[in-house]
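K.L.:
Supplied in structure tokens, the structure appears directly below.
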Amino acid sequence: MKTRIITLLLISAITTTGLAQTSDDMKTFDPAFAHTVYFWFKNPDNKTDRAKFETSLKTFLKHSKFAKTNFIGTPPVATRDVVDGSFTYSLIVTFESAEAQEGYQTEEAHLTFIEECKDLWDKVIVYDSFGIKQ
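Count the sequence shown with the numbering used here and you get residues 12 to 145, in order.
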């Protein structure tokens, strides 16, 4: 039940907010390994910084040899105390395995993205997780 709720929330978020892939590019979500990243920008309201980040991130994900699916999001207006909307962007990327995620960390497209955008953020937090069998 919890997995269904999370899946429905993710689908809802992809279709209503953020910068998710278009339906033509959408691949099936891979539950094997998820890499979730939160970015806090130095200047979160700077439109130039945001445009640079979005362009670089989209280019990186388009050229990644390891990322299977992805979701780029921004925080909604929080309506509950348990919702942390303090971040500037979130990124969820799925992989077929932990080994694929390790390859992603050192691939040229990922390293280029970091180099292009590292001066934009104050803080980055990563949560990696294995999917559990249903």
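Heads up, the beta-carbon is just placed ideally off N, CA and C, and yes, glycines get one too.
Among all the DSSP beta bridges, which residues are the ones paired with K134?
P.N.:
One-based indexing of the sequence shown puts residue 134 at position 123. In DSSP, K134 forms a bridge with W51.
K.L.:
Once DSSP output is grouped into helix, strand and coil, what is the label at S67?
P.N.:
Taking the first residue of the sequence shown as 1, we reach residue 67 at position 56. S67 falls in the helix class under three-state DSSP.
K.L.:
When the Cβ atoms of the segment 81-94 are set against those of the segment 122-142, are three or more pairs found closer than 8 Å?
P.N.:
Verdict: no, contact absent.
K.L.:
Sort S140, T123, Q145 by Cα distance to S75 and report the nearest one.
P.N.:
Start at 1 with the first residue of the sequence shown, and residue 75 comes out as number 64. Measuring from the Cα of S75, the nearest candidate turns out to be T123.
K.L.:
Look at the Cβ atom of F98, then the Cβ atom of F64, and state whether they are nearer than 8 Å.
P.N.:
Along the sequence shown, one-based indexing puts residue 98 at 87. Along the sequence shown, one-based indexing puts residue 64 at 53. Taking 8 Å as the Cβ cut-off, F98 and F64 do not qualify as a contacting pair.
K.L.:
Rounded to whole angstroms, what is the Cα-Cα separation between P143 and K53?
P.N.:
To locate residue 143, count along the sequence shown from 1; it is residue 132. To locate residue 53, count along the sequence shown from 1; it is residue 42. The identity of residue 143 in the sequence shown is Ile, whereas the question assumes Pro. Approximately 36 Å between the Cα atoms of the pair.
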